[in-house]
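*Asks:*
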Amino acid sequence: MLDARFVRENVDTVKEALEKRGYEFPLSEFLSINGKRVTLIGEAGELRNRRNVVSEEIGRLKRRKEDASAQLEEMKTVSDRIKALDEKLRELEEETKTFLMTIPNIPDESVPEGRDETKNIEVRRWGTPNTFDFEPLNHWDIAAALDIIDFERAAKITGARFALMKGAGARLERALMNLMLDTHTSRGYTEVFPPIMVNRESMTATGQLPKFGMELFRIADPEFYLIPTAEVPVTNIHRDEILRDSDLPIFYTAYTPCFRREAGSHGKDTRGLIRQHQFNKVELVKFVKPEDSYDELEKLTADAEDILRKLDLPYRVVTLCSGDLGFSSAKTYDIEVWLPGQNRYREISSCSNFGDFQARRAGIRFKREGRKGTEFVHTLNGSGLAIGRTLVAVLENYQQKDGSVVIPEILRPYMGIDQIRLAGG
RNA sequence: GGAGAGGUGGCCGAGUCGGUUGAAGGCAGCCGCCUGCUAAGCGGUUGUGGGGGUCAAACCUCACCCAGGGUUCGAAUCCCUGCCUCUCCGCCA
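Sequential numbering of the first sequence, starting at 83, is according to my numbering.
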């Protein structure tokens with residue numbers, strides 16, 4: 083959420099910045115609503131002041147058993163007027179909030195301008211894609227041959243876009259999870275395992291609601307939501323808190339299952355593990371001081387990349403352009419891993435700096451030692467990494483001519499084997 | 001699921017039959033003074049958000065005693081609803 087006063091005082095900047103995202107901000111409407119709101123706050127405040135003063139007087143008179151009927155008479159009308167104003171104010175407050183809640187974040191200056199992903203800018207590449215002396219297979223064909231992922235039975239149990247991991251496949255999923263958590267915790271992230279169902283407030287704080295409810299699985303009674311990413315519960319750890327500056331920065335890493343409706347992606351990635359309703363992910367979340375957030379974004383991205391380097395998987399990093407930016411993000415790097423089966427790079431991590439956007443929604447503030455007042459922290463997060471897609475990358479990059487898959491060096495202690503072989507082999 | 005108890009400031013903990021309660025008292029913190037050092041002692045001070053005001057402060061004002069409604073001239077105090085915590089019983093892991 084943007085700051086109402088900031089918007090009011092910097093209308094042109096805001097309008098311009100949002101246009102870069104392709105977002106048309108109905109400015110005059112906002113200003114008129116917000117202007118009315120401010121006027122009413124003043125009026126209601128004065129009336130309340132009057133009420134406080136006179137009520138106190140009534141108390142004094144009554145204690146002395148004197149007549150207070152004149153004051154009581156006056157107060158009746160004052161009270162009614164306060165009620166009427168409050169009613170109007172509540173509506174305007176609501177409108178203002180809805181307005182602000184549905185406005186996306188302002189992109190950072192360093193974000194390239196552009197309409198869509200074709201304007202994203204590659205910032206670096208690491209590793210060289212393997213050259214195979216045979217036609218590399220898709221991961222679902224590899225997995226089928228090895229009997230480690232069963233999509234048909236998963237569809238029977240639940241439906242499309244679910245997977246049943248089996249044997250070495252299930253073990254590989256767990257090995258990747260442990261490698262990621264071990265790596266991140268050794269770099270100063272505190273491991274947490276949060277609730278994976280959250281309430282409406284939490285979803286609103288990180289920006290999924292009110293605008294993107296169609297992406298979420300919802301439990302009707304009580305009203306809970308399955309998380310689409312650990313970003314939601316982990317960022318909400320400090321919702322409505324005032325931290326001390328000595329507490330910052332705070333780094334968390336969390337493994338959680340994630341759930342997404344994938345509404346509107348019918349027909350996309352229908353086969354395989356790439357796009358599932360349920361998938362596992364290890365997430366990185368940071369709470370930092372405003373002046374540090376862009377440095378921390380670089381470091382967070384490097385921490386996510388580190389997993390791919392350890393696995394020796396080729397990847398590239400792109401800066402998302404303004405039009406491709408997520409709703410809450412001020413700047414995002416996508417990390418894309420090389421998939422021989424698709425002969426292209428695919429997103430495996432998205433690392434974002436949200437600035438104070440989420441913190442303002444979530445009420446996450448901090449206080450500087452020896453200074454008055456509070457400031458909003460900056461929040462960041464990134465996948466470190468999406469486990470299913472990492473598993474896909476391992477299968478496709480490490481596949482052998484005989485249909486087996488070599489286990490990357492770093493995973494062998496976790497797997498207990500160095501190769502997944504065909505049943506007959 | 002059944003029966004109780006409770007949710008007050010950074011923490012502990014008072015709030016009487018509704019009326020100088022933003023909230024006693026204590027602890028912690030901060031600033032002075034005092035002391036050879038430490039400890040003790042003395043005085044003062046210490047929340048958040050909104051609106052106005054200022055170059056910035058000072059300052060003025062409103063709101064906030066879990067949340068949301070209600071009663072009332074006036075509510076931390078009374079009533080309703082919700083959420084959460086705790087204890088006991090039952091049930092399941």
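Think of the CB as a built atom: it goes at the ideal place given N, C-alpha and C, for glycine as much as any other residue. Since the structure is predicted, the reported quantities are computational estimates derived from the model, not experimental observations.
Write down every uninterrupted run of the beta strand (DSSP E) in the stretch 277-337 whose length is 3 residues or greater and which is fully enclosed by it, in chain order.
*Replies:* Taking only runs of at least 3 residues, the beta strand (DSSP E) segments lying wholly in the stretch 277-337 are 306-308, 323-326.
*Asks:* Classify A242 as helix, strand or coil using the three-state DSSP reduction.
*Replies:* DSSP places A242 in coil when its eight states are reduced to three.
*Asks:* Just the Cα atoms here: how many angstroms apart are G437 and V96?
*Replies:* Approximately 15 Å, taken between the alpha carbons.
*Asks:* Could you tell me which residues DSSP pairs with C340 in its beta bridges?
*Replies:* Answer is F361, bridged to C340.
*Asks:* Leaving out five residues before and five after P422 in sequence, what residues of the same chain have Cβ atoms less than 7 Å from its Cβ?
*Replies:* Result list for P422: P211, N212, F214, P218, E478, N479, in chain order.
*Asks:* From the DSSP output, in three-state form, read off D416 for me.
*Replies:* Correct three-state label for D416: strand.
*Asks:* Just the C-alpha distance for H320 and E173, rounded to the nearest angstrom, thanks.
*Replies:* In a straight line, the C-alpha of H320 is about 29 Å away from that of E173.
*Asks:* Are at least three pairs of beta-carbons, each pair with one atom in the stretch 308-315 and one in the stretch 361-381, less than 8 Å apart?
*Replies:* Contact holds: three or more Cβ-Cβ distances are below 8 Å.
*Asks:* Can you tell me which residues form a DSSP beta bridge with D232?
*Replies:* Note: D232 sits in a beta bridge opposite L246.
*Asks:* From the DSSP output, read off the bridge partner residues of Q440.
*Replies:* Beta-bridge pairing links Q440 to no other residue.
*Asks:* Under 8 Å: does the beta carbon of S161 sit that close to some heavy atom of the ligand NAD?
*Replies:* The model on display carries no ligand, and the ligand NAD is accordingly not part of it.
*Asks:* Pick helix, strand or coil for T29, following the three-state DSSP scheme.
*Replies:* In this structure the chain extends from 83 to 507, so residue 29 is not present and cannot be described.
*Asks:* Starting from R453 and walking both ways along the beta strand (DSSP E), at which residues does that stretch end?
*Replies:* No beta strand (DSSP E) holds R453; DSSP gives it neither H nor E.
*Asks:* Examine the Cβ distances between the stretch 223-237 and the stretch 250-266 and report whether three or more of them are shorter than 8 Å.
*Replies:* Yes, since at least three Cβ pairs between the stretch 223-237 and the stretch 250-266 fall closer than 8 Å, the two stretches touch.
*Asks:* Bridge partners for T267 per DSSP, in chain order?
*Replies:* Per DSSP, none; premise fails for T267.
*Asks:* Restricting to Cα atoms, I'd like to know which of D322, F333, Y307 is closest to P339.
*Replies:* Answer by Cα proximity: Y307.
*Asks:* Touching or not, the stretch 423-433 and the stretch 171-186, by the rule of three or more beta carbon pairs under 8 Å?
*Replies:* The stretch 423-433 vs the stretch 171-186: no contact.
*Asks:* F216 and K483 - do their beta-carbons sit closer together than 9 Å?
*Replies:* Yes, Cβ-Cβ distance for K483 and F216 is below 9 Å.
*Asks:* Going by DSSP, which residues form a beta bridge with A468?
*Replies:* Per DSSP, K363.
*Asks:* Cα-Cα, which of T272, I332, F341, T335 is closest to M296?
*Replies:* Closest option to M296, Cα to Cα, is F341.
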